[in-house]
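Participant:
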């Protein structure tokens, strides 16, 4: 039985109508216990062929049998522990140490720890690896390659696929690897497929296939090829074949050629014996023996008839190993994170930094605003500062007023604004125009008198009194927030002023105010700061987007570094990959959530009238959906730049529409519906309701918050899974 | 045995063969040392290396990856500097003025494809041609030659749609573009179809035949280097041998170069220590021989290529090499004339060195600009990001933020009206009847009034979230209110109590709470004034004597939109620019494009300048879009000079772009750059007074905030838009000054870190 058999393999990319043929009815045979050198330029279809053999890609037509099964089928063990794959790139996680790398792959293949240790020692000595604690990122290129090789060999696969293992290697090392391969194939059933540009080094292979434009030009032992074309280097033979084959890649014409060359498959064994040196023949015999003995030992799994048994044991094996593989994947993710100190600092400190920025910078009451005051009632402003100044004097039934404006002025304290006194209104107004002061307060010359007049005469008072009794305020309203603040404060000041005046005169206090009585609000307070209002929304957006930010590049990095391919060939399904990432990222997200909750609750004293658990749980769920959103981006974007654009592009609209800066009631009704669909509009409303109103989970708005989050999680998860399937 | 014999050979050569003179060598490297990493633990990359490349030869530099090949090449093209030792390239020191290196005298083909995927073949050639200061007609001519010669498809095909081999050929064509004197090819034949490899080598042999062009080629593929005149075998930072292939083969009695290298490697491994001294002399002496051997080599090569060439008819290369075969001898025979031509060359180059600096700069900039625009243009995603996103953001912003909330429900309990009829009736004119209803009719139409029977249920509705506030009128509200006004201070407490409208609000949503609060108070004033007026009284009687007069700036009803608009305009423009540029340099670096451009003689300053110009144009477009939508479509107030607004916005965009440059110059990985860019967004937004005035921050933080790039500009823009201030106002020009100084600061940081990176 052959280790690998490809029959009439046909594969194209692109559309059905305009196919880009990559494999053109290819036939290939790899026997057990041999090295097969697959030669060809890049882009000739080598990598596609290998991907099909390991079951990561599938043929459009034709049949592949690998180790007695069809790759990609349940129970075939391919992809999985029966094959070892070393991609062209290093495809190792840089943050790992050598030992961790080997253990990682060992665990993925479901090996026991002792077995891994044993193999590790063996491979370490054999490949002359440096100390196990050295990080891959700090190894030299050659060392990395050797580790990569060891990773492919750790589980003693039956089929070893090496994609350009010797590119750019030191000649000594290259020789070593070849020696090792020759030795191993001699003594075991192992079949090796090796691709290389270096046509000459393939001399040591048992069989070589020369590939060009999706066609095998020849498949034969090196010796017979050399003799057939009467050249002394394989290079020249290949060149001749190429010349014969022609530059054009018209498939039909070449099909015949393919046939003629592949007819050599059968006599390979014989030819080998004849061509190779006597010592090799001896080895051949030895190898045969060892294979036979192997067969007899593992009789259960040798014949085709025993495939079922094979399958069963493998399926069982797979179930057991899922746990171990998960462990390996998780260990990988965590290590990768831990070994990036800058990243760790970013992950842990960034939320704190943002939250502190927010709480400190936003929502505080403005201080140090400047107001110009012009009081025509008094000659010198110091008169107002005189502590002996009495503004009210109760006189039996009447109440005499004196320089009441000073009373108002003194009522304005520094929390409202800093007072600047001007002599003339014009000077003050000019300064306001120049932006030096926020506004001008003007008292007319007979302010007190007019006030008393209105009090006494009521509606019969003359027009002039009404005019003069006004406190006239001219404000620079270019900054809305400051304007609102000042207006509010000045009204309050007046209220206090009026009430205290009434009190001092023994009048009913309420008379000093308009007859609207704002009672203690049902929720919140009238002096509530802006911070409290937008805090829930800001915390939600932070949780969501931090999670997105971290995860949005994960798969992209994996894919770019080649780790992705390697892991898939090791038999790990995309779902497992996704789950492992979700678990790792969830941990990070949980830590960040806790940081934010603790900071918001204890340091910045955010009041919570509701259930803490309900809030925190919703926060976590939102973080989770943010994380899935990041994964979603990283699955569908091919480059970091695209991911960046996606994340940034979606961030701004969401934050504008989610109602944290401006209430949703201010939007048009259709826009509101769109806003409700966004992942954190309803949740931030829900959190605000829990925090400020103490609503429980039973309340409709809280349920809606939870509901939309769960829906987003489900939708994103499904999309992620579909995306992974497609991208594979 | 073998080792000793070879040493003897070397010794004899050393005695007789030290005839090399510097001008005859295209490249000579003497005692080169280069280390990376900290001084305490240096990572020795080049270790006392000597190398000599004779003019008019092909020099094959062989060695495993990581042996220092690429570093050596970088030093030769002037991209990196040695720690000690000397390098002469084409008669000058690379990197010095007038040496033409890096510049048009060398052609460099990096290991990666290093081409812009979004370019067509023609555009690629145009780009590099302009960088080298070639005339457009010249470029076209050369383009047609190279297309034919390298069998490339139509010139309008995009690079990304080409196959791997075609891309490599384009990359090769770029290196050949300006017909350089020294051609440096880093692994040109990796993964290339054998036929193509053959034709590349044939071409190399052909161009070196005339004796003017020199080629340095690195390869893993030791065997293919047989066709080189000299090969240098490099391992761990030094040359093990520098010899012609034939000599090496015979010297070590091997049949393949591969074996020679293996042998030499073993030897080096064995006597790592002692060998160091020997090696130096070894290198120099062998290099001396190399030139002497040169005459024989072409014979071998042309024969070889001739034989192979017979087999394939597609290649035009065969014809060329065949036809020139005869003349090779003649040219090579006349080696004595070389020094003369060398002098001529040197004079020419002094000239060209001068006009390189003046003339080609314009061409370079043109090339760089075209490159930037094309990259953007061909990237649909980027284009959308650049122009659709700002528009979308502005539209969303204007639609979503700042409009008065509508549909707010108010739970009203009016015991004055007949609860059964459900209708609130009042008489117009001076009538004191059902005043509560009169008050309610004045309420803003955006408030929905819902009637409840008792206070408790109304408050319950608020608690349930069904209404934003509850309002209660007592049953003799009207009488009490009239009494209150008529009696004034003589009114008793009960009357006062009953005349009050009692309100319970839900203040959990601050914006809405404050809005309702204000609305209710204003409504009362309107109601009172209206009533007093109807009764021929002075309406001011019903008013609070605190009067907000016509504002100095702004309107009586300042809107939130107007408040945040300046900040939003600036953040949109600023951060779009950051996002766009933060990864621009990194992408070029990782794809090897920056190397290529640098070797072509482009300076960091030029690259930056070209990006600045590109960005400026983009910025103008974005600013126009943003401002058109903000001011014309959505009517954000603008009382100032529109040109000031435009200028400040564009400057902010440039500032953002420069910040992007800083990020991309500092960060090695794209991933980190993105994190930095996105991470800086939120804090800047919060700290720059965009959504909350900086007056509300603690004093220390306020000082920090003022130092941020967006803060002063935001307040300047606000002053221009709402106050209509001109440039001469302090706040406005401070905005400009701050922005410009940030731009300069960012540019300086970028330049410095690029310079550091380059060396």
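Residue numbers (full-length UniProt numbering), protein chains in the order written: chain A, 1 to 728; chain B, 1 to 759. By construction, the Cβ of each residue, glycine as well, lies at the ideal position given by its N, Cα and C atoms. The model shown is predicted, which means the values in this text are computed figures rather than measured ones.
Please report whether the beta-carbon of residue 218 of chain A lies at a distance below 9 angstroms from any beta-carbon of chain B.
Facilitator: One-based indexing of the first chain puts residue 218 of chain A at position 218. No, residue 218 of chain A lies away from the interface with chain B (no Cβ there is under 9 angstroms from its Cβ).
Participant: Which word fits residue 131 of chain A, buried or exposed, when buried means at least 16 other C-beta atoms lie within 10 angstroms of its C-beta?
Facilitator: As a working mapping, residue 131 of chain A is identified with position 131 in the first chain. It counts as exposed.
Participant: Counting only beta-carbon atoms, is residue 430 of chain B nearer than 9 angstroms to chain A?
Facilitator: Position 430 of the second chain, counted from the first residue, corresponds to residue 430 of chain B. Chain A contact via Cβ: absent.
Participant: Return helix, strand or coil for residue 393 of chain A, following the three-state DSSP convention.
Facilitator: Position 393 of the first chain, counted from the first residue, corresponds to residue 393 of chain A. In this structure, residue 393 of chain A counts as strand in the three-state DSSP scheme.
Participant: So, residue 121 of chain B versus residue 159 of chain B, is the Cβ gap smaller than 9 angstroms?
Facilitator: Numbered from 1 along the second chain, position 121 holds the residue referred to as residue 121 of chain B. Numbered from 1 along the second chain, position 159 holds the residue referred to as residue 159 of chain B. For residue 121 of chain B and residue 159 of chain B, yes; Cβs fall inside 9 angstroms.
Participant: Answer yes or no: do residue 202 of chain A and residue 208 of chain A have a C-beta to C-beta separation smaller than 9 angstroms?
Facilitator: As a first step, residue 202 of chain A is located in the first chain; it is residue number 202 there, counting from the start. As a first step, residue 208 of chain A is located in the first chain; it is residue number 208 there, counting from the start. Result yes, Cβ atoms of residue 202 of chain A and residue 208 of chain A sit closer than 9 angstroms.
Participant: Taking 9 angstroms as the cut-off, decide whether the C-beta atoms of residue 473 of chain A and residue 441 of chain A are in contact.
Facilitator: On the first chain, position 473 is the one that residue 473 of chain A refers to. On the first chain, position 441 is the one that residue 441 of chain A refers to. Yes, they are a contact pair.
Participant: Leaving aside the five residues before and after residue 5 of chain A along the sequence, list all residues of the same chain whose C-beta is less than 6 angstroms from its C-beta, in chain order.
Facilitator: Against the first chain, residue 5 of chain A aligns to sequence position 5. 29, 65.
Participant: Are the beta-carbon atoms belonging to residue 81 of chain B and residue 95 of chain B less than 9 angstroms from one another?
Facilitator: Taking the second chain and counting its residues from 1, one reaches residue 81 of chain B at position 81. Taking the second chain and counting its residues from 1, one reaches residue 95 of chain B at position 95. The answer is yes: Cβ separation under 9 angstroms.
Participant: Tell me whether the beta-carbon of residue 41 of chain A lies closer than 9 angstroms to the beta-carbon of residue 196 of chain B.
Facilitator: Reading the first chain from its first residue, position 41 is the one you call residue 41 of chain A. Reading the second chain from its first residue, position 196 is the one you call residue 196 of chain B. Yes.
Participant: How do the region 484–493 of chain A and the region 567–578 of chain B stand: do at least 3 beta-carbon pairs fall below 8 angstroms, yes or no?
Facilitator: Judged by Cβ distances under 8 angstroms, the region 484–493 of chain A makes no contact with the region 567–578 of chain B, as fewer than three pairs qualify.
Participant: Is it the case that the CB of residue 133 of chain B approaches a heavy atom of the ligand MG more closely than 8 angstroms?
Facilitator: The ligand MG is not among the ligands present in this structure, which contains no ligands whatsoever.
Participant: Step through the CB atoms of chain B and report whether any lies within less than 9 angstroms of the CB of residue 353 of chain A.
Facilitator: As a first step, residue 353 of chain A is located in the first chain; it is residue number 353 there, counting from the start. By this cut-off, residue 353 of chain A is an interface position.
Participant: Is there at least one Cβ from chain B nearer than 9 angstroms to residue 142 of chain A's Cβ?
Facilitator: The residue labelled residue 142 of chain A in the question sits at position 142 within the first chain. So, interface residue.
Participant: Kindly indicate which residue of B/651, B/625, B/424 has the alpha-carbon position closest to the one of residue 442 of chain B.
Facilitator: Residue numbering aside, residue 442 of chain B sits at position 442 when the second chain is read from its first letter. Nearest option by C-alpha distance: B/424.
Participant: Counting Cβ pairs, one atom from each stretch, are 3 or more of them under 8 angstroms apart for the region 539–553 of chain B and the region 552–566 of chain A?
Facilitator: Verdict: no, contact absent.
Participant: Verify the CB distance criterion: does residue 655 of chain B have a CB-CB separation below 9 angstroms to chain A?
Facilitator: Position 655 of the second chain, counted from the first residue, corresponds to residue 655 of chain B. It does not; no Cβ of chain A falls within 9 angstroms.
Participant: Start and end of the beta strand (DSSP E) containing residue 419 of chain A?
Facilitator: Taking the first residue of the first chain as 1, we reach residue 419 of chain A at position 419. Start and end: 418–422.
Participant: Could you check if residue 43 of chain B is buried or exposed, using at least 16 other CB atoms within 10 Å of its CB as the buried criterion?
Facilitator: Position 43 of the second chain, counted from the start, is the residue given in the question as residue 43 of chain B. Exposed, by the Cβ-count rule.
Participant: Which full runs of the beta strand (DSSP E) of 3+ residues lie inside the region 27–83 of chain A, going along the chain?
Facilitator: The region 27–83 of chain A contains these whole beta strand (DSSP E) runs: 35–39, 61–66.
Participant: DSSP on residue 512 of chain B, reduced to helix/strand/coil?
Facilitator: As a first step, residue 512 of chain B is located in the second chain; it is residue number 512 there, counting from the start. Looking at residue 512 of chain B - three-state DSSP - the assignment turns out to be helix.
Participant: Suppose you measure from the CA of residue 363 of chain A to the CA of residue 509 of chain B; what does that come to, to the nearest Å?
Facilitator: Here residue 363 of chain A corresponds to residue number 363 of the first chain, with the count starting at 1. Here residue 509 of chain B corresponds to residue number 509 of the second chain, with the count starting at 1. Those two C-alpha atoms are separated by around 14 angstroms.
Participant: For the putative contact between residue 221 of chain B and residue 198 of chain A, defined by C-beta atoms under 8 angstroms, what is the C-beta separation to the nearest angstrom?
Facilitator: As a first step, residue 221 of chain B is located in the second chain; it is residue number 221 there, counting from the start. As a first step, residue 198 of chain A is located in the first chain; it is residue number 198 there, counting from the start. Rounded, the Cβ-Cβ distance is 7 angstroms, consistent with contact.
Participant: Is it buried or exposed for residue 9 of chain A, if we count other Cβ within 10 angstroms and need 16 for buried?
Facilitator: As a first step, residue 9 of chain A must be located in the first chain, where it is residue number 9. By the 10 Å Cβ count, residue 9 of chain A comes out buried.
Participant: Determine the DSSP secondary structure at residue 378 of chain A, reduced to helix, strand or coil.
Facilitator: In the first chain, residue 378 of chain A corresponds to position 378, counting from 1. DSSP places residue 378 of chain A in coil when its eight states are reduced to three.
Participant: Should residue 705 of chain B go down as buried or exposed, given a rule of 16 or more other Cβ atoms within 10 Å for buried?
Facilitator: The count along the second chain starts at 1 and reaches residue 705 of chain B at position 705. Burial call: buried.
Participant: Check whether the region 112–132 of chain A and the region 142–155 of chain A touch, using three or more Cβ-Cβ pairs below 8 angstroms as the test.
Facilitator: Yes, they touch.
Participant: Tell me the rounded alpha-carbon separation between residue 87 of chain A and residue 116 of chain A.
Facilitator: Taking the first residue of the first chain as 1, we reach residue 87 of chain A at position 87. Taking the first residue of the first chain as 1, we reach residue 116 of chain A at position 116. So the alpha carbons of these two residues sit roughly 21 angstroms apart.
Participant: Here's a check: name, in chain order, each residue in its chain whose Cβ is nearer than 8 angstroms to the Cβ of residue 152 of chain B, leaving out the five neighbours to either side.
Facilitator: Residue 152 of chain B sits at position 152 when you count from the first residue of the second chain. Cβ within range, chain order: 121, 146, 166, 169, 170, 173.
Participant: List the residues of chain B whose Cβ lies closer than 9 angstroms to the Cβ of residue 693 of chain A, in chain order.
Facilitator: Translated into the one-based positions of the first chain, residue 693 of chain A becomes position 693. Going along chain B in sequence order, the residues near residue 693 of chain A (Cβ under 9 angstroms) are 463, 465, 506, 508.
Participant: Give the secondary structure of residue 669 of chain B by DSSP, where H, G and I count as helix, E and B as strand, and everything else as coil.
Facilitator: Translated into positions along the second chain, residue 669 of chain B becomes position 669. If DSSP states are grouped into helix, strand and coil, residue 669 of chain B belongs with coil.
Participant: Below 9 angstroms between beta carbons: does that hold for residue 190 of chain A and residue 184 of chain A?
Facilitator: As a first step, residue 190 of chain A is located in the first chain; it is residue number 190 there, counting from the start. As a first step, residue 184 of chain A is located in the first chain; it is residue number 184 there, counting from the start. Yes, the Cβ-Cβ distance between residue 190 of chain A and residue 184 of chain A is below 9 angstroms.
Participant: Is residue 185 of chain B closer than 9 angstroms to residue 231 of chain B when the C-beta atoms are compared?
Facilitator: Residue mapping note: residue 231 of chain B aligns to position 231 of the second chain, counting from 1. Residue mapping note: residue 185 of chain B aligns to position 185 of the second chain, counting from 1. Their beta carbons are not under 9 angstroms apart, which means residue 231 of chain B does not touch residue 185 of chain B by this criterion.
Participant: Determine the closest residue to residue 567 of chain B out of B/685, B/555, B/467, B/518, with distance taken between C-alpha atoms.
Facilitator: Here residue 567 of chain B is taken as the residue at index 567 of the second chain, counted from 1. Nearest option by C-alpha distance: B/685.
Participant: Quick one: which chain B residues come within Cβ less than 7 angstroms of residue 652 of chain A?
Facilitator: By 1-based counting over the first chain, the position of residue 652 of chain A is 652. Neighbours of residue 652 of chain A on chain B, chain order: 393.
Participant: Please compile the residues from chain A whose C-beta is within a distance smaller than 8 angstroms of the C-beta of residue 153 of chain B.
Facilitator: If you number the second chain from 1, residue 153 of chain B lands on position 153. Here the premise fails: no neighbours, minimum Cβ distance about 13 angstroms.
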